[in-house]
Every structure is written in structure tokens, then in C-alpha cells.
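Protein chains: 2
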Amino acid sequence: MTFPSPARAPRRDATENREALLAAARIVFNRDPGASLEAVATEAGLSRRSVYGHFANRDELLRELVTAGARRVATSLESVTHPDPLTRLALIASTLWREVESVRVMAVVAVRGPLASHTAGTLGAIRRDVRDAIVHGQANGSMRQDLASDRLARLVEDTALVVLEDATRHPLTAREGDRLTMLMALGVVGLGWREAGTFIASRPELAWPATHPDQTDEQDDN
Amino acid sequence: MTFPSPARAPRRDATENREALLAAARIVFNRDPGASLEAVATEAGLSRRSVYGHFANRDELLRELVTAGARRVATSLESVTHPDPLTRLALIASTLWREVESVRVMAVVAVRGPLASHTAGTLGAIRRDVRDAIVHGQANGSMRQDLASDRLARLVEDTALVVLEDATRHPLTAREGDRLTMLMALGVVGLGWREAGTFIASRPELAWPATHPDQTDEQDDN
DNA sequence: AATAACTTGCACGGTACTGTGCAAGTTATT
DNA sequence: AATAACTTGCACAGTACCGTGCAAGTTATT
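Chains as they are written, first to last, in this note's numbering: chain A, 19 to 240; chain B, 19 to 240.
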């Protein structure tokens with residue numbers, strides 16, 4: 019049951035636990051979308067019973083998790099608008115990379131179950147963006163012409179997911195991951211590897227933000 | 019229970035049903051690895067109960083399914099040996115395309131469960147082949163140098179799966195599918211789309227067998 | 001220190017699936 | 001036509017999960 023309408027005020031640690039549960043769910047459901055609430059609860063350091071203090075049922079937890087992620091991705095993606103389709107595609111890829119976790123959760127859950135409705139919305143928006151960029155890219159000759167735009171769009175999309183998944187399994191510098199997602203997206207739409215490399219180098223919008231001197235990079239594993 | 023040691027001879031329709039079950043399992047488990055035996059049985063036009071007449075339990079059915087597929091793929095892949103790594107990679111891709119169903123089942127099942135042992139074997143063999151081709155390709159300069167060979171190998175592998183999955187969802191001519199898998203593999207290792215196209219065209223080994231005049235093609239959807 | 005806000009454990013009923021036994025059927029084979 | 005080879009339906013025990021009620025605890029807040 020949810021708590022009776024609080025007469026005093028919700029406690030601070032309660033909301034903390036709520037977050038903990040969502041975080042745990044993100045981890046657990048990512049490796050097994052069918053995992054039990056018990057598993058989620060223990061991952062969060064709580065008991066199965068207390069899950070129901072925060073979420074009405076399993077579906078609500080999942081839904082909350084997904085919609086939160088969807089919102090993040092969607093808002094991140096709103097700002098991506100660039101006249102050149104190739105650049106736009108690369109930017110979309112780059113943006114997705116920065117939201118890996120959210121994207122992965124959505125992707126994992128979107129497959130099966132009645133969550134399609136939630137994912138379909140934002141996931142559909144992404145799809146439209148990608149497809150749009152591709153149609154334009156094919157029109158202006160910057161992208162491959164040997165595949166139908168729909169198929170190419172799906173391939174780009176799925177390939178991006180592959181990269182994101184691989185990246186989380188075999189960690190990558192944030193910067194390297196960013197670059198890799200762009201490289202692969204460009205590769206799928208037809209650029210050769212040198213071509214893709216020089217393209218990224220030539221576009222300042224695609225450069226890694228050299229903002230602060232404290233650049234947190236982790237590993238060097240390509 | 020399995021049937022008591024037959025005193026006469028196994029019936030013909032029994033083995034037919036066994037096949038039907040395996041076929042059904044291939045279909046059902048492919049869209050949901052956790053599907054119930056009831057689902058498999060009805061797909062095969064049989065009752066859940068009779069499944070246990072052919073397989074000791076769920077795991078045995080799955081195992082049988084996977085190992086059969088693994089054998090097919092493995093033997094198909096044995097014949098693939100070509101000095102040029104690029105061609106070899108394309109050939110591997112092409113071969114996998116011809117075994118799509120088996121490959122998909124293995125991939126779907128390999129993820130979870132205690133079937134990793136079975137899949138790991140043949141799946142590992144494929145991996146080694148791919149990695150080997152890539153290492154050589156990078157060495158002789160025909161493949162991209164901006165990614166570590168291990169990562170590239172994984173990306174090629176996963177991308178191939180993506181293509182196969184997409185192809186089964188949005189049907190393709192056998193010939194077109196063959197071409198697409200090769201194109202994508204070559205694309206991931208760094209070729210531009212025109213480059214990949216002409217490469218395939220230039221290599222007779224990669225040409226679609228123009229054997230019989232009755233060439234069964236189905237659709238024209240790119 | 002008092003109290004409401006939470007967590008926990010246990011017990012319970014409900015669902016969905018597996019694996020098995022058995023009796024009553026059908027159907028291929030001889 | 002006889003018989004063994006199968007299929008089926010039903011009933012049952014076993015497991016794993018969900019969602020809930022409640023009583024007894026802990027802990028943040030006032």
C-alpha cells in the first residue's frame with residue numbers, strides 16, 4: 019500500500035530509497051528485464067515488501083523508470099537541429115551516447131511487455147529524427163543510395179544500440195564512446211572509416227568539448 | 019515420460035511430431051525465449067503433455083534446438099577459407115545469412131540461462147574466425163585502424179545479428195539479404211558504401227550463384 | 001520525548017508455469 | 001484385425017513469482 023496522506027511531511031530517507039530502487043531497477047532490469055522485485059529490492063538494499071511502499075506494482079516501477087529515461091533523452095534530443103544531415107545524424111548519435119543508460123533501459127524494456135506505449139512515444143520521435151536525417155542525406159548525395167531509407171534508418175538505430183551495449187560491457191572513455199557512436203552511425207550510412215574520421219574532425223560541432231582543463235577520462239582501450 | 023523401449027518400431031508420425039515441436043520451438047522461442055511449453059505445443063499443433071513424450075524437459079528441448087543449429091552453422095562455416103581477409107569476412111557474413119534461423123535461435127538463447135555452454139562452443143568458433151580475419155585485415159591495411167581488433171570484432175558480430183534480425187522482421191530476397199549482410203560487415207570494418215559495392219562486384223567468390231535459371235526471388239524492397 | 005513516517009517480516013491467496021501419473025483414446029504398423 | 005506406438009486430457013504436487021494485510025519494529029522530524 020502507499021502511505022496514507024501524510025499529515026506531517028514525507029521523510030527525506032524515503033525519497034532516497036525511492037531513488038535507490040529506481041537505480042537498482044535500472045541495473046537489474048538491464049541484465050534481465052524479467053527479474054523479480056526481490057532482486058531489485060536486494061540490489062537497493064531494501065526488502066521486497068517495501069517496494070510496495072513506493073510503487074503500486076511492478077509495472078508502475080518499470081513505467082516510472084522508462085518514462086524518466088524517455089524524458090531525459092527526449093529533451094536532450096530536442097536541441098539537435100543542424101542543416102547538414104550527416105552532421106545531424108552524428109549529433110543524434112553523440113547525444114544518445116550521453117544518455118546511454120536511459121537509452122539502454124528503454125531499449126531493453128521496449129522489446130516485450132505492455133510498455134511499448136510509453137517507449138513508442140519518445141522512441142518514435144528518435145526514429146523520426148533519424149529517418150528524416152537519412153532521407154535528406156540520401157537526397158543530397160551524402161549518404162548511401164543502395165538501401166531504402168526505412169531499412170537504413172532501422173539499421174542505424176539498431177547499430178547505435180549495439181555500440182551502446184558493447185560500450186557498457188567493455189568500458190570506454192566518455193570521449194571515446196562519443197566518437198565511436200558517431201563513427202559507427204556514419205559508417206552505416208556509407209562513409210568509409212577515413213572519410214568518417216575526417217568528417218568528424220572537420221566539423222567543429224562534432225568536436226569533443228574542450229571546456230574545462232579538468233577532463234575526466236578513464237581508460238585507453240579504444 | 020519417454021516411451022518404454024519400443025518392442026516393435028517407432029512410428030513415423032512420432033518423429034514427424036518431434037520435428038514439428040522443434041520447428042515450433044524455433045519460432046516461439048525466437049520471439050520470446052521464456053515462452054511456455056504450452057505455447058510451443060500449440061504452435062506445433064500438439065498438446066503440452068505430449069511434449070514430454072519427446073523431450074525430458076524444457077531444457078532438453080532447448081538444448082536440442084540449439085545444438086542442432088550450432089552444428090549446421092559450424093559445418094557451414096568450416097568451408098570458409100580465403101586468403102584475403104576482406105573476402106573471408108564477407109564470406110563469413112554470407113554464410114551466416116544462409117543460416118539465419120539457426121543463428122538467431124542461438125543468439126537469442128545464448129544470452130540467458132545455462133545454455134551458454136552449448137552456444138559458447140560454436141559461437142566461440144565463429145568469433146575466432148571473425149577476429150582472425152579482422153586482425154589480418156588490419157595488418158594488411160584493408161580494414162580500419164582506428165579501433166582495437168577485439169572491439170571491432172564484437173561490433174562486426176553484433177551488427178551481423180542486427181541485420182539478420184531486421185531481415186526476418188522486414189523480409190528480403192535471399193539474394194538481397196546475402197548482399198546486405200556482406201555490405202554491412204564490410205561497412206563496419208571501414209569500407210565506404212561504393213567501395214564495398216565494387217569490392218563485392220570484383221570478387222567472383224562473393225557473387226550470387228547464378229546456377230539454375232529458376233531463380234526464386236520474392237520481393238523488391240531493397 | 002513524542003509522533004508520524006517509514007521498513008520489515010511473516011503469512012496469505014492468487015497466478016502461471018513445470019513435470020509427472022494414469023486412464024482413455026487414436027492411429028500407424030504388422 | 002490386432003497390437004504396440006503414440007496423443008490427449010485431467011488431476012496433482014512443486015516452484016516461483018506477485019500483491020496485500022498486519023503487527024512490530026526503526027528512524028527522521030517536530
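Ideal placement from N, C-alpha and C gives every residue a C-beta, glycine not left out.
- Counting of Cβ neighbours within 10 angstroms places Asp-176/A among the buried residues, the total reaching 16 or more.
- The C-beta of Leu-209/A comes closer than 9 Å to at least one C-beta of chain B.
- Listed in chain order, the non-local C-beta contacts of Ser-112/B below 8 Å within the same chain comprise Asp-196, Thr-199, Met-200 and Leu-224, local neighbours out to five positions each way being set aside.
- With contacts defined as CB atoms closer than 9 Å, Ala-62/B and Ala-27/B fail to qualify as a contacting pair.
- In the assembly as shown, Glu-56/A is an exposed residue. Its beta-carbon has fewer than 16 other beta-carbons within 10 Å.
- DSSP assignment within the stretch 192 to 234 of chain B yields the following whole alpha helix (DSSP H) runs of 4 residues or more, N-terminal first: 192 to 206 and 211 to 220.
- By the neighbour-count definition (other C-beta atoms within 10 Å, threshold 16), Gly-208/A is a buried residue.
- Look at Ala-57/A here: in three-state DSSP terms it is helix.
- Around the CB of Ala-157/B, fewer than 16 other CB atoms lie within 10 Å, so the residue is classed as exposed.
- In terms of Cβ geometry, Val-91/B and Ile-144/B form a close pair [threshold 9 Å].
- Interface flag for Thr-177/B against chain A is set, since a Cβ pair is found closer than 9 Å.
- Sequence-ordered contacts of the stretch 159 to 174 of chain B with chain A read Arg-162, Asp-164, Leu-165, Ala-166, Arg-169, Arg-172 and Leu-173 [C-beta pairs closer than 7 Å].
- For the stretch 44 to 64 of chain A, the residues whose beta carbon sits under 8 Å from a beta carbon of chain B are, in order, Asp-50 and Gly-52.
- For Thr-85/A, the enclosing alpha helix (DSSP H) stretches over residues 76 to 96.
- Taking His-136/A as the centre and dropping the five residues before and after it, the same chain places the C-beta of Arg-81, Val-84, Thr-85 and Ala-88 closer than 8 Å to its C-beta, in chain order.
- DSSP places Ser-68/A within a helical segment (H, G or I) once states are collapsed to three.
- Residues Leu-55 of the same chain have their beta carbon placed closer than 8 Å to that of Arg-76/A, with the five preceding and five following residues left out of the count.
- Counting of Cβ neighbours within 10 angstroms places Thr-33/B among the exposed residues, the total staying below 16.
- Contacts with chain B at 9 Å (Cβ-Cβ) do not include Leu-40/A.
- Around the C-beta of Ser-120/B, 16 or more other C-beta atoms lie within 10 Å, and the residue is accordingly described as buried.
- Under the Cβ distance rule, Arg-89/A does not count among the residues neighbouring chain B, no pair being separated by less than 9 Å.
- Around the beta-carbon of Glu-194/B, 16 or more other beta-carbon atoms lie within 10 Å, marking it buried.
- Not one beta carbon of chain B lies nearer than 9 Å to the beta carbon of His-100/A.
- By the 16-neighbour rule on beta-carbons within 10 angstroms, Gly-215/A is buried.
- Gly-205/B belongs to the set of residues whose beta carbon lies under 9 Å from a beta carbon in chain A.
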